[in-house]
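Novice: Quick note on the numbering used here: the sequence shown kicks off at 1471 and runs consecutively.
C-beta atoms are modelled at their ideal positions from N, C-alpha and C, and glycine is treated no differently.
Note that the structure is predicted; figures quoted are calculated from it, not measured.
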Amino acid sequence: MTAVGSSFDVDAVRARFSTLRGGEAIFFDTPGGSQVPDEVRTAVADAMRDAAGNLGGSFPTSRRVAAIVEDAHDAAARFLGCAPEETIFGQNMTSLNFTLSRAFARSLREGDEVVVLQSDHDASVSPWLEACADTGGSVVTAAVDRDTCLPDWDDLAAKIGPRTRVVAFSWAANSVGTVVDAARVAELAHAVGAPVWIDATHYAAHLPIDVRAIDCDVLVCSPYKFCGPHLGLAYGRAAVLADWRPYKVRPAPTAPIGRSFETGTMPYEQLAGFTAAVAYWESVDAPGAGHAWTRELGDRFLAGLPAGVSVIGPPTSADRVATFLLQLDVLDAAAVSDELVARGFNVTASEHFYCLGLRERIGGKALRVGIFHYNTAAEVDALLAALAEIAAGDSPAVA
Ligand SMILES: Cc1ncc(COP(=O)(O)O)c(C=O)c1O
1471 MTAVGSSFDV
1481 DAVRARFSTL
1491 RGGEAIFFDT
1501 PGGSQVPDEV
1511 RTAVADAMRD
1521 AAGNLGGSFP
1531 TSRRVAAIVE
1541 DAHDAAARFL
1551 GCAPEETIFG
1561 QNMTSLNFTL
1571 SRAFARSLRE
1581 GDEVVVLQSD
1591 HDASVSPWLE
1601 ACADTGGSVV
1611 TAAVDRDTCL
1621 PDWDDLAAKI
1631 GPRTRVVAFS
1641 WAANSVGTVV
1651 DAARVAELAH
1661 AVGAPVWIDA
1671 THYAAHLPID
1681 VRAIDCDVLV
1691 CSPYKFCGPH
1701 LGLAYGRAAV
1711 LADWRPYKVR
1721 PAPTAPIGRS
1731 FETGTMPYEQ
1741 LAGFTAAVAY
1751 WESVDAPGAG
1761 HAWTRELGDR
1771 FLAGLPAGVS
1781 VIGPPTSADR
1791 VATFLLQLDV
1801 LDAAAVSDEL
1811 VARGFNVTAS
1821 EHFYCLGLRE
1831 RIGGKALRVG
1841 IFHYNTAAEV
1851 DALLAALAEI
1861 AAGDSPAVA
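(1) What ranges does the beta strand (DSSP E) occupy inside the segment 1583-1669, keeping only unbroken runs of at least 3 residues that lie completely in it?
(2) Give me the pocket residues for ligand 1, defined as CB within less than 5 Å of any heavy atom, sorted by chain position.
(3) Does chain C have any CB closer than 8 Å to the CB of Val1483?
(4) Between Met1471 and the rest of its own chain, which residues show a CB-CB distance below 6 Å, the 5 nearest in sequence each way excluded?
(5) If you follow the beta strand (DSSP E) that Gly1706 is part of, which residue opens it and which one closes it?
(6) Confirm the yes/no value for this check: CB of His1822, any heavy atom of ligand 2, distance under 7 Å.
(7) How far does the beta strand (DSSP E) with Arg1838 in it reach, from first residue to last?
(8) Among Leu1490, Ala1522 and Phe1487, which residue has its Cα nearest to the Cα of Glu1739?
(9) Can you list, in chain order, the residues of its chain with a C-beta nearer than 7 Å to that of Ser1865? Leave out the 5 residues immediately preceding and following it.
(10) Taking the alpha carbon of Ile1538 as the reference point, which residue from Ala1742, Glu1583, Val1719 and Ser1477 has its own alpha carbon closest?
(11) Using 8 Å as the Cβ pair cut-off and three pairs as the minimum, do the segment 1726-1736 and the segment 1552-1572 touch?
(12) With DSSP run on the structure shown, which of helix, strand or coil describes Gly1698?
(13) Whether or not the segment 1815-1823 and the segment 1491-1508 are in contact is what I'm after, with contact meaning three or more pairs of Cβ atoms, one per stretch, closer than 8 Å; do they touch?
(14) Anyone know if the C-beta pair for Leu1796 and Leu1837 falls short of 8 Å?
(15) Please work out which residues of its chain come closer than 6 Å, Cβ to Cβ, to His1700, disregarding the five sequence neighbours upstream and downstream, and give them in chain order.
(16) Whole angstroms are fine: how far does the CA of Glu1830 sit from the CA of Val1779?
(17) Taking 7 Å as the limit between beta carbons, can you name the residues of its chain near Thr1564, skipping five residues before and five after?
(18) What are the boundary residues of the alpha helix (DSSP H) that Ile1684 is part of?
(19) Closest to Lys1629 by C-alpha separation, out of Ala1661, Ala1805 and Val1535, would be which residue?
(20) To the nearest angstrom, report how far apart Ala1482 and Val1791 are at their CA atoms.
(21) For the beta strand (DSSP E) that contains Ile1782, what are its first and last residues?
(22) According to DSSP, simplified to helix, strand and coil, what is Phe1529?
(23) Which term fits Gly1706, buried or exposed, when burial requires 16 or more other beta carbons within 10 angstroms of its beta carbon?
(24) Among Ser1589, Ser1753 and Ala1722, which has the Cα closest to the Cα of Cys1697?
(25) Could you give the distance in angstroms between the alpha-carbon of Glu1821 and the alpha-carbon of Asp1651?
(26) On a Cα-Cα basis, can you pick out the residue from Pro1597, Ala1749 and Asp1544 that is closest to Arg1572?
(27) Does DSSP put Gln1740 in a helix, a strand or coil?
(28) So, under 8 Å CB-CB, Ile1458 and Ala1643 are touching, yes? Tell me the CB distance rounded to an integer number of Å.
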């Protein structure tokens, strides 16, 4: 077993989460949604008490709502590396992606193509299938390598061409954990004048985002995957947003530009929780310590995997985050998942985890283990021990 030598104080981090202190379960289900630190929960509750009103008044409640909104956009800008006016909130990643793709799709024409990746979450694909169904365009899928599940760069380069109007992809796969070289995709897309449109929902929980560094045009993610409330968040490059006509009611403000893509009254209490989540993240991850710890635990998990358990996708920590899709020789993944849940581990099994392009590659149900910065080395070891027992057939489920 590899030694864990990081100086990251995981116990101090865990002390900030009632649910982690409560001992209900060992949480390896974070790709589905993370636990929430108490300070985020408190910020949500405080906003419901102090800012239960709306924008537009000069009285204190309304001024507090306005402050919550400004703070949330400022926090989003820090989190994504952009200007506050380029940030957009919505219900969740899927809804926000439909909203923004609809606005963009006003300019799609018959014969236009949208390029996506085989490893994408469907929330990064179906909005384009729907847009193309309405406009006469088509969605073209670039393949991933069968073993590593990483992009086949030759295929991607061949599929991006003069008809390409957008290149959209999931930066990190919530199924197999692969990480796509986003800057390289952006270069290919921009070479034909197409915007690059990133689903960072899984990525945001594992690695820092700097939209300028990767030169992306649109990026969408979900704060509930990184210790925030259920909410969607997007970045749109100001110059790109300025070319679109949002679906909005006429009296709603048109500036700052990002906000003209938000419809109706925002969930102010969730925005307050989001700001607290970014502050939480800034406090635990400076400089990158939380992410480094997750990666270290991922290495430990890979190094300790028992015989009879195989990983779908990259076999090492390179080009991946610490999200592992597993199959066991001895038992199907749904039964393994049930057995692990019975032993107190939150894990899930699925045939695709919404990544329909990988369904055939996965070939039946697979077990997903998602490691996060609040997990401990002891939790990883406990899971490895349970997997070893199950894989060896020493479990009631195998009998
Ligand atoms: C990679 C990825 N993209 C998109 C989504 C959709 O996000 P939401 O649930 O916020 O709509 C998910 C949700 O699991 C995801 O993991």
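Specialist: Let me spell this out:
(1) 1583-1587, 1608-1612, 1634-1640 and 1666-1669
(2) Ordered along the chain, residues surrounding ligand 1 are Asn1562, Met1563, Thr1564, His1591, Ala1593, Ser1640, Asn1644, Asp1669, Thr1671, His1672 and Ser1692 [Cβ under 5 Å from any heavy atom].
(3) The structure shown has no chain C; it contains just one protein chain.
(4) Numbered from its first residue, the sequence shown carries residue 1471 at position 1. Because Met1471 carries a pLDDT of 40, less than 50, the predicted location of this residue cannot be relied on, and no value is offered for it.
(5) Working through the sequence shown from its first residue, we reach residue 1706 at position 236. Note, Gly1706: beta strand (DSSP E), Gly1702 to Gly1706.
(6) You won't find ligand 2 in this model; what it holds is ligand 1.
(7) The residue labelled residue 1838 in the question sits at position 368 within the sequence shown. Here the beta strand (DSSP E) through Arg1838 covers Ala1836 to Gly1840.
(8) Looking up residue 1739 in the sequence shown gives position 269. Comparing Cα positions, the closest option is Ala1522.
(9) Residue 1865 sits at position 395 when you count from the first residue of the sequence shown. Excluding residues within five positions, the ones whose Cβ falls inside 7 Å are Glu1809 and Glu1859.
(10) The residue labelled residue 1538 in the question sits at position 68 within the sequence shown. With distances taken between Cα atoms, Ile1538 lies closest to Ala1742.
(11) yes
(12) For the purposes of this step, residue 1698 is taken as residue 228 along the sequence shown, with counting starting at 1. Of the three classes helix, strand and coil, the one that applies to Gly1698 here is coil, per DSSP.
(13) With the cut-off at 8 Å, the segment 1491-1508 and the segment 1815-1823 touch.
(14) In the sequence shown, the residue the question calls residue 1796 occupies position 326. In the sequence shown, the residue the question calls residue 1837 occupies position 367. Closer than 8 Å, so yes.
(15) As a working mapping, residue 1700 is identified with position 230 in the sequence shown. Counting only Cβ-Cβ distances below 6 Å, and skipping sequence neighbours, we find Tyr1694.
(16) Position 309 of the sequence shown, counting from 1, holds the residue named residue 1779. Position 360 of the sequence shown, counting from 1, holds the residue named residue 1830. Going by the C-alpha atoms only, they are around 19 Å apart.
(17) As a position in the sequence shown, residue 1564 is number 94, starting the count at 1. Result list for Thr1564: Ala1593, in chain order.
(18) The count along the sequence shown starts at 1 and reaches residue 1684 at position 214. Run containing Ile1684: Val1681 to Ile1684, per the alpha helix (DSSP H) assignment.
(19) Against the sequence shown, residue 1629 aligns to sequence position 159. The residue with the shortest Cα to Cα distance from Lys1629 is Ala1661.
(20) What you label residue 1482 is simply residue 12 of the sequence shown in a count that begins at 1. What you label residue 1791 is simply residue 321 of the sequence shown in a count that begins at 1. When rounded, the distance between both Cα atoms is 23 Å.
(21) For this step, residue 1782 is matched to residue 312 along the sequence shown. Per DSSP, the unbroken beta strand (DSSP E) holding Ile1782 starts and ends at Val1779 to Ile1782.
(22) Taking the sequence shown and counting its residues from 1, the one referred to as residue 1529 is at position 59. If DSSP states are grouped into helix, strand and coil, Phe1529 belongs with coil.
(23) By one-based count along the sequence shown, residue 1706 stands at place 236. With a 10 Å radius around the Cβ and a threshold of 16 neighbouring Cβ atoms, Gly1706 comes out buried.
(24) Residue 1697 sits at position 227 when you count from the first residue of the sequence shown. Here the closest residue by C-alpha is Ser1753.
(25) Within the sequence shown, the letter at position 351 stands for residue 1821. Within the sequence shown, the letter at position 181 stands for residue 1651. Cα-Cα distance, rounded: 25 Å.
(26) Mapped onto the sequence shown, residue 1572 falls at position 102. The shortest Cα separation from Arg1572 among Pro1597, Ala1749 and Asp1544 belongs to Pro1597.
(27) Start at 1 with the first residue of the sequence shown, and residue 1740 comes out as number 270. Reduced to three states, the DSSP call for Gln1740 is helix.
(28) One cannot answer for residue 1458 here, as it falls past the ends of the chain, which runs 1471 to 1869.
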